[in-house]
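Top line first, the protein sequences correspond to chains A and B. Quick note, my numbering runs 493 ahead of the 1-based positions in the first sequence. Quick note, my numbering runs 493 ahead of the 1-based positions in the second sequence. We put the beta carbon where it would ideally sit given N, CA and C, even for glycine. Predicted model, so just to flag it, every value in this text is computed and none were measured.
Number of protein chains: 2
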Amino acid sequence: MEFKKYLTEQCAVVEQSLARYMLTEQGPLAIHIKAMRYSLFAGGKRIRPILALATAEALHAETKHLLPVACALECIHTYSLIHDDLPAMDNDDLRRGKPTSHVVFGEAEAILAGDGLLSFAFELLTHPDVQQGISPVNQIRMINLIAKAIGPEGMVGGQSLDLAAEGQTIPFEHLKLIHGCKTGALITASVQAGAIFGKATEEQFAALTRYGMQIGLAFQIVDDLLDVEGTTKDLGKTAGADVSRNKATYPAFFGVAETKVMAGEAVDAALTALEFFDAKAEPLRALARYIYERNN
Amino acid sequence: MEFKKYLTEQCAVVEQSLARYMLTEQGPLAIHIKAMRYSLFAGGKRIRPILALATAEALHAETKHLLPVACALECIHTYSLIHDDLPAMDNDDLRRGKPTSHVVFGEAEAILAGDGLLSFAFELLTHPDVQQGISPVNQIRMINLIAKAIGPEGMVGGQSLDLAAEGQTIPFEHLKLIHGCKTGALITASVQAGAIFGKATEEQFAALTRYGMQIGLAFQIVDDLLDVEGTTKDLGKTAGADVSRNKATYPAFFGVAETKVMAGEAVDAALTALEFFDAKAEPLRALARYIYERNN
Numbered sequence: 494m495e496f497k498k499y500l501t502e503q504c505a506v507v508e509q510s511l512a513r514y515m516l517t518e519q520g521p522l523a524i525h526i527k528a529m530r531y532s533l534f535a536g537g538k539r540i541r542p543i544l545a546l547a548t549a550e551a552l553h554a555e556t557k558h559l560l561p562v563a564c565a566l567e568c569i570h571t572y573s574l575i576h577d578d579l580p581a582m583d584n585d586d587l588r589r590g591k592p593t594s595h596v597v598f599g600e601a602e603a604i605l606a607g608d609g610l611l612s613f614a615f616e617l618l619t620h621p622d623v624q625q626g627i628s629p630v631n632q633i634r635m636i637n638l639i640a641k642a643i644g645p646e647g648m649v650g651g652q653s654l655d656l657a658a659e660g661q662t663i664p665f666e667h668l669k670l671i672h673g674c675k676t677g678a679l680i681t682a683s684v685q686a687g688a689i690f691g692k693a694t695e696e697q698f699a700a701l702t703r704y705g706m707q708i709g710l711a712f713q714i715v716d717d718l719l720d721v722e723g724t725t726k727d728l729g730k731t732a733g734a735d736v737s738r739n740k741a742t743y744p745a746f747f748g749v750a751e752t753k754v755m756a757g758e759a760v761d762a763a764l765t766a767l768e769f770f771d772a773k774a775e776p777l778r779a780l781a782r783y784i785y786e787r788n789n
Numbered sequence: 494m495e496f497k498k499y500l501t502e503q504c505a506v507v508e509q510s511l512a513r514y515m516l517t518e519q520g521p522l523a524i525h526i527k528a529m530r531y532s533l534f535a536g537g538k539r540i541r542p543i544l545a546l547a548t549a550e551a552l553h554a555e556t557k558h559l560l561p562v563a564c565a566l567e568c569i570h571t572y573s574l575i576h577d578d579l580p581a582m583d584n585d586d587l588r589r590g591k592p593t594s595h596v597v598f599g600e601a602e603a604i605l606a607g608d609g610l611l612s613f614a615f616e617l618l619t620h621p622d623v624q625q626g627i628s629p630v631n632q633i634r635m636i637n638l639i640a641k642a643i644g645p646e647g648m649v650g651g652q653s654l655d656l657a658a659e660g661q662t663i664p665f666e667h668l669k670l671i672h673g674c675k676t677g678a679l680i681t682a683s684v685q686a687g688a689i690f691g692k693a694t695e696e697q698f699a700a701l702t703r704y705g706m707q708i709g710l711a712f713q714i715v716d717d718l719l720d721v722e723g724t725t726k727d728l729g730k731t732a733g734a735d736v737s738r739n740k741a742t743y744p745a746f747f748g749v750a751e752t753k754v755m756a757g758e759a760v761d762a763a764l765t766a767l768e769f770f771d772a773k774a775e776p777l778r779a780l781a782r783y784i785y786e787r788n789n
């Protein structure tokens, strides 16, 4: 399989779906919708939606009616970036190579653009199109898993822990908890959403959850590495921001070389989790390697 | 019916449910959960949850399994207050007679407390308890209606319009749109959630929606009046804030006397919408009058 081609094609599918399902700038709400669209269409890698789609494919499912869910995952991810970048939070001016939302639209509208995207994600998760590919009971289970993953015990909680830990000396276990909540939970939930949609058996669901947790871990370790080794140009966000904020990271704990080994181990564990899946899981396997090799 | 007793009892039921379903302060996430609880348990009137419960009652439904939904509506309302009060938004220091979230926990944690409550609301809307009282298809329909009501074309969009209109001269139609989105949508959705849970017929659903829209309107008109006539002590928030911000309001358009007449007309229209409901709808009728007569 030519993975680059796959990635480009899937990315295009997600872009088209976002364009189809997202509100358009018109009427009195044009400014608000413009702010939401500005960050949503800022050239993200669309990893979470692609993970959901690839997981459903690995289970031999037709993914058309999963597309609103895939879009919802990207709306959630985008909302989290907008709020993380706010002056009161990480105070970042640059994201995906463009000025951040609050720089362009002001702080108030940036907060609301995030709130709007988060609410809109749940419109998409309950969109009538989704029901054509999943039973209502499973749809509710899927929404529940996603809500838990991004809430106080997941992504939002992780961001709160991350802010509280800034400048503090924290044990490695605490760093693992922050990473798991802040980044790992939504990545795992994206895989789980695809698994539920693809009618995974209990065993398959458990294996895919392990896969999701391991690539979530790999993703965050590589993020830490890129902050040390990447350039602002490649990253599209400020390089060295973790170091300058004195943040606890994998390289700070273990050094760069050992951290790379750990990222590789997480990817290996993710691949092992997929050992009983057939060739339809190739995109998932390639995505695990891609997360390790990416440079932004 | 003794409405005051009913209100006190229902309020207690909601408080107990919130205490039951809300996360408790423990473990590493204690600060985040503390911030969510601080605003959630700050003595709100619980009008939205009570409206949902009273609507289901009006349809002769057993409301026990609607309680997580009722709590979700209050979480959403509370999140919207926390974000509205932020320095970048209305910059209010006082809410329900207590310092606002950002004053107590700082701006970053206030933003996250709001985000956490919004996400948690969808955990509650998909809570297993709810499924015991509603079909999964109707549950999804209910979540979809709520998500729409609070998203870019509802509450969040209304807040964006409200901010954009500050200090501007806007036509009355635009004020109506702002009010309808910002306040009316969630109040109407609370009634609709109760209606779906109570298995309303199409006619009943339409009538209850009309009721919801009219009390939503009355609620906002009275809010405008209280800002002029109320005291900071009664309101628990800064009186005269609209006037000092030069905000478009009903009294600014029509004067106090005419505005009172309009609020009364909205309540009358709400009562008319309920004409084909029996005595089980008495609490809904009393709630409409209460919204008109309240002083905070």
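Asked: Name, please, each residue of chain A whose Cβ falls closer than 8 Å to the Cβ of proline 629 (chain B).; Found: Ser628, Pro629, Val630, Gln632 and Ile633
Asked: Determine the closest residue to isoleucine 577 (chain A) out of A:Ala686, A:Ser594 and A:Ala565, with distance taken between C-alpha atoms.; Found: Per the sequence shown, the amino acid found at residue 577 (chain A) is aspartate instead of isoleucine. Residue A:Ser594 is the option with its Cα nearest to aspartate 577 (chain A).
Asked: Distance check for glutamine 509 (chain A) and lysine 675 (chain B), CA to CA, integer angstroms please.; Found: 31 Å
Asked: Can you list, in chain order, the stretches of the alpha helix (DSSP H) that have 4 or more residues and sit fully within the region 659 to 696 of chain A?; Found: 665 to 672 and 678 to 690
Asked: One question on the structure: do asparagine 637 (chain A) and glutamate 567 (chain B) come within less than 8 Å of each other, judged by their Cβ atoms?; Found: no
Asked: Give the residues of chain A in contact with threonine 619 (chain B), contact being defined as C-beta atoms less than 7 Å apart.; Found: Ile633, Ile636, Asn637 and Ala640
Asked: Near glutamine 632 (chain B), which residues of its chain fall below 7 Å by C-beta distance, leaving aside the five closest residues on each side in sequence?; Found: Val623 and Gln624
Asked: What residues in its chain sit with their C-beta under 8 Å from that of methionine 755 (chain A), if we drop five residues either side in the sequence?; Found: Ile714, Tyr743 and Phe747
Asked: May I have the straight-line CA-CA distance separating threonine 702 (chain B) from alanine 678 (chain A), to the nearest angstrom?; Found: 37 Å
Asked: So, for aspartate 583 (chain B): in the same chain, excluding its five sequence neighbours on each side, which residues have a beta-carbon less than 6 Å away from its beta-carbon?; Found: Asp577
Asked: DSSP three-state label for arginine 634 (chain A), please.; Found: helix
Asked: Return the chain-ordered list of same chain residues with a C-beta closer than 6 Å to the C-beta of valine 506 (chain A), the five sequence neighbours on each side being excluded.; Found: none
Asked: Specify the secondary structure class of lysine 773 (chain B) as computed by DSSP and reduced to three states.; Found: helix
Asked: Per the DSSP calculation, proline 592 (chain A) is bridged to which residue(s)?; Found: A:Leu587
Asked: Could you check whether lysine 773 (chain B) and alanine 551 (chain B) sit closer than 8 Å to each other, using their CB atoms as the reference points?; Found: yes
Asked: Roughly how many angstroms separate the alpha carbons of isoleucine 788 (chain B) and alanine 750 (chain B), rounded to a whole number?; Found: It is worth fixing the name first, because residue 788 (chain B) is asparagine in this sequence and not isoleucine. Straight-line Cα distance between these residues: approximately 16 Å.
Asked: What is the DSSP secondary structure of leucine 719 (chain A), counted as helix, strand or coil?; Found: helix
Asked: Going along the chain, which residues of the region 600 to 619 of chain B sit with their C-beta nearer than 7 Å to a C-beta in chain A?; Found: Glu600, Ala601, Glu602, Ile604, Leu605, Asp608, Gly609, Leu611, Ser612, Phe613, Phe615, Glu616 and Thr619
Asked: Mind checking if valine 754 (chain A) is an interface residue toward chain B, Cβ cutoff 8 Å exclusive?; Found: no
Asked: Between the Cα of glutamate 555 (chain A) and those of A:Phe690, A:Gly757 and A:Thr765, spot the shortest distance and give me the residue it belongs to.; Found: A:Phe690
Asked: Between the C-alpha atoms of lysine 498 (chain B) and serine 683 (chain B), what's the straight-line distance to the nearest angstrom?; Found: 22 Å
Asked: Which of the residues in the region 640 to 656 of chain B, read from start to end, lie with their CB under 7 Å from any CB of chain A?; Found: Ala640, Lys641, Ile643, Gly644, Pro645, Glu646, Val649, Gly650, Gln652, Ser653, Leu654 and Leu656
Asked: Give the secondary structure of threonine 556 (chain A) by DSSP, where H, G and I count as helix, E and B as strand, and everything else as coil.; Found: coil
Asked: Decide if glutamate 646 (chain B) is buried, meaning its Cβ has at least 16 other Cβ atoms within 10 Å, or exposed.; Found: buried
Asked: Starting from arginine 530 (chain A) and walking both ways along the alpha helix (DSSP H), at which residues does that stretch end?; Found: 523 to 533
Asked: Looking at the structure shown, is serine 628 (chain B) part of a helix, part of a strand, or coil, going by DSSP?; Found: coil
Asked: Do threonine 731 (chain B) and leucine 587 (chain B) have their beta-carbon atoms positioned less than 8 Å apart in this structure?; Found: yes
Asked: Mind reading off the beta-carbon distance from glutamine 652 (chain B) to leucine 605 (chain A)? Whole number of angstroms is fine, and I expect it under 8 Å.; Found: 6 Å
Asked: Closer than 8 Å, CB to CB, is proline 561 (chain A) near chain B or not?; Found: no
Asked: Taking lysine 740 (chain B) as the reference, give the member of B:Ala766, B:His667 and B:Ala549 with the closest Cα.; Found: B:His667
Asked: Any Cβ of chain B within less than 8 Å of the Cβ of isoleucine 526 (chain A)?; Found: yes
Asked: Could you give the distance in angstroms between the alpha-carbon of alanine 603 (chain B) and the alpha-carbon of tyrosine 514 (chain B)?; Found: 21 Å
Asked: In the DSSP assignment, the alpha helix (DSSP H) including aspartate 761 (chain A) goes from what residue to what residue?; Found: 743 to 766
Asked: For lysine 669 (chain A), which of A:Leu522, A:Phe712 and A:Lys527 has the nearest alpha-carbon?; Found: A:Phe712
Asked: Can a CB atom of chain A be found closer than 8 Å to the CB of methionine 582 (chain B)?; Found: yes
Asked: Would you please state the rounded distance, in angstroms, between the beta carbons of aspartate 720 (chain A) and alanine 734 (chain A)? I believe it to be under 8 Å.; Found: 6 Å
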